[in-house]
Every structure is written in structure tokens, then in C-alpha cells.
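Peer 1: Structure below; questions to follow.
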Amino acid sequence: MSSEPNTLTDIFGLTGKVGFVTGGASGLGLEISKALALAGAHVVVADINLSGAQNASESILSLGAQSIAVQIDVTSEQSVQNAVSTAVAHFGSIDILFNNAGIADPVPSLLHEYDTSNWHKVISVILTGTYHTSKAILPHMLKQGYGKIINIASMWGLSGSSSVFPIPAYTAAKGAVVNLTRELGLQYAKENIQVNAICPGFYRTNLAGGAYGKKEFVDAITAFTPMGRIAEAHEIRGPAIYLASSASDFMTGQMVVVDGGCQAK
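Under our numbering, the first residue of the sequence shown carries the number 8, and numbering increases by one thereafter.
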């Protein structure tokens with residue numbers, strides 16, 4: 008049983024905690040990394056793009072937090088183990104894991120026209136990457152008797168996307184991450200490790216390549232979103248801190264949907 012909090016910092020603060028963010032060099036991962044830093048955590052920025060991770064880590068240092076950059080290929084179990092070992096050697100522990108690394112379907116396609124190599128690539132990064140990183144970090148959380156795992160899923164993990172565009176590998180992978188979140192939430196519920204997911208809608212990042220620069224695409228997804236706008240990347244910070252902090256200590260195996268109302272339709 009946790010002690011009663013007396014301040015907002017007691018509820019949402021992360022002073023002294025260590026966060027590990029995959030895909031932390033850009034997009035939602037960068038915003039999550041910054042949010043952790045602002046809440047007082049030390050941040051491991053893990054990304055396949057090492058120079059990008061180093062730049063992100065430097066920006067976090069400028070916020071007054073401690074941070075290191077590590078290169079990681081979430082599709083490689085050995086690469087993940089190496090990155091986790093480096094992080095633990097530097098900070099001594101990992102308290103918070105954000106499984107954020109992901110890619111979009113390179114070419115939106117109907118399934119019978121879908122490129123098989125692209126299918127395996129998307130599944131490998133999103134689903135297998137979540138497996139690799141969670142598997143590597145859970146033993147450290149079990150040893151210390153505490154942990155938070157937050158998977159970045161998608162609103163397309165809860166429903167099909169083809170009313171807007173066909174992205175079968177992405178929706179399949181994110182749907183699997185949603186149910187893996189439920190499974191891990193149950194497996195580790197008695198170990199003081201909470202496993203939850205964020206299911207974002209349309210956020211302005213580079214995940215969709217140059218799509219956000221195309222008026223037709225922007226008009227379509229804006230019209231699809233009940234709030235009538237696309238979220239800015241920094242708007243992920245609030246949900247991220249909620250799930251990373253003690254505010255969510257009695258919550259596990261759940262999805263926080265932040266999609267401007269899409270799932271309500």
C-alpha cells in the first residue's frame with residue numbers, strides 16, 4: 008500500500024526514477040522523453056538513429072535532467088540486451104519503459120496487394136520490438152519490486168483503419184500490442200509492475216513520412232476526427248506522465264485512448 012500523497016509532485020513526480028524510451032529521438036518518443044525529464048526522471052533515449060538519440064539526450068540535459076543516448080535496434084534481441092545493459096550500468100535501474108519504437112506501413116495497400124517484406128518489417132519493429140524490450144527490462148523491474156511499462160499502441164489497434172486508408176500490418180501489429188498489454192498487465196499485477204498502453208489518434212509527427220505535408224491527407228484525417236484537428240506531438244506528454252507516475256498505481260492492462268473522439272463514433 009502506498010502512502011497518501013500530499014502534493015501534486017507526490018502524485019505525478021518522477022524524481023529519481025529512470026525512464027527508457029525506445030524510438031526516443033523524434034516524434035512522440037522525443038516528447039515522452041522530455042515529459043519524463045520535466046517530471047524529474049533520468050532518461051535513456053534509445054533509438055536506431057544514434058546521432059538523433061544523442062541530439063535528443065542533449066536537449067533533455069538542457070532541461071536539467073540526467074540523460075544518456077543508446078543505439079538500439081528493437082528487432083534484434085542482442086541489440087536490445089546491449090542497450091538495456093548500458094542503461095542499467097549507467098543509472099543502476101530502469102523504472103519506466105516506453106515501448107514507443109514503430110514504423111508505418113511503407114505503402115498503404117489492400118491485403119492481397121501487400122508486399123510481404125513490408126509486412127514482416129512492420130510486425131518486427133512494432134510487435135517483436137515490444138516483446139524484446141519488455142523481456143529484457145522486466146527482470147530488472149522484478150528484482151527491484153517496481154516498474155511501469157507503457158506501450159504505445161494506436162486507435163487503429165482497437166478498430167480497422169480502412170475507412171480512412173488500408174494499413175493492414177500496422178493495425179495488426181498495434182492490435183497485438185493492445186492484447187499483449189492486457190496479458191502482461193495480468194501476468195505482473197501482483198509484482199507491483201503496471202503495464203498499460205496509450206492509443207493515440209492522429210498526431211503531427213513524421214511517422215507517416217511526408218503525409219502531413221499533403222493537403223488531401225490532412226483534410227481527410229481532420230474531417231475524420233470529431234474534434235476537427237490533428238494533435239500536436241507535445242500533447243502526448245500528459246497521458247505519458249499519468250501512466251509513468253504513481254497516479255496510475257491501481258491501473259494495469261488498460262488502454263488510454265487519446266484520439267480526439269474517433270473511438271467514440
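Glycine residues also receive a C-beta, built at the ideal position from the N, C-alpha and C atoms. Keep in mind it's a predicted model, so treat the numbers as computed, not measured.
Taking the alpha-carbon of G26 as reference, which of S253, L35, I39 and D122 has the nearest alpha-carbon?
Peer 2: I39
Peer 1: Helix, strand or coil for Q73? Go by DSSP, reduced to three states.
Peer 2: coil
Peer 1: Which one of L68, R211 and I200 has the shortest CA to CA distance from R236?
Peer 2: R211
Peer 1: Since L68 is in the beta strand (DSSP E), which residue starts that stretch and which ends it?
Peer 2: Where L68 is concerned, there is no enclosing beta strand (DSSP E), although the alpha helix (DSSP H) it sits in stretches over L57 to L68.
Peer 1: Could you check the C-alpha separation between H127 and V81 for me, to the nearest Å?
Peer 2: Counting only the Cα atoms, V81 lies some 14 angstroms from H127.
Peer 1: Can you find a heavy atom of the ligand MN that lies under 7 angstroms from the Cβ of A176?
Peer 2: Among the ligands in the structure shown, none appear at all, so the ligand MN cannot be discussed.
Peer 1: Just verifying my parser: in three-state terms, what is the DSSP assignment at A240?
Peer 2: helix
Peer 1: Report the CB separation of I159 from G109 in whole angstroms; it is logged as a contact under 8 angstroms.
Peer 2: Correct: roughly 7 angstroms between the Cβ atoms.
Peer 1: Helix, strand or coil for I110? Go by DSSP, reduced to three states.
Peer 2: coil
Peer 1: Can you find the residues in the same chain that come closer than 7 angstroms, C-beta to C-beta, to I248, ignoring five residues on each side of it along the sequence?
Peer 2: F19, A42 and A46
Peer 1: Is the beta carbon of I75 closer than 8 angstroms to that of S64?
Peer 2: yes
Peer 1: Which residues in the same chain as K155 place their Cβ atom closer than 6 angstroms to its Cβ, once the five residues preceding and following it in sequence are excluded?
Peer 2: I103, Q201 and A251
Peer 1: Where are the beta strand (DSSP E) runs, 3 residues long or more, that stay fully inside the stretch 186-211, in chain order?
Peer 2: 200-207
Peer 1: Hey, A44 and L70: beta-carbon distance below 8 angstroms or not?
Peer 2: yes
Peer 1: Identify the residues that DSSP records as bridge partners of I228: which are they?
Peer 2: In the DSSP output, where bridge partners are listed per residue, I228 has none listed.
Peer 1: Hey, out of L214, S253, V263 and L134, whose CA is closest to T16's CA?
Peer 2: Comparing C-alpha distances from T16 to each of L214, S253, V263 and L134 shows the shortest one belongs to S253.
Peer 1: Could you tell me the boundaries of the beta strand (DSSP E) in which M29 lies?
Peer 2: Reading off the sequence, residue 29 comes out as Thr, not Met. Where T29 is concerned, the enclosing beta strand (DSSP E) stretches over V25 to T29.
Peer 1: Please state if the CB of V171 and the CB of I228 are separated by a distance shorter than 8 angstroms.
Peer 2: yes
Peer 1: Under 8 angstroms by Cβ, that's how I've got T29 and G167 pegged, so tell me the actual separation to the nearest angstrom.
Peer 2: Their Cβ separation, rounded to whole angstroms, is 26 angstroms, which puts T29 and G167 out of contact at 8 angstroms.
Peer 1: Just curious, the beta strand (DSSP E) that M262 is in, first and last residue?
Peer 2: M262 to V265
Peer 1: Would you say I130 faces chain B, with C-beta separation under 8 angstroms as the test?
Peer 2: Absent here is chain B; the protein component of the structure consists of one chain.
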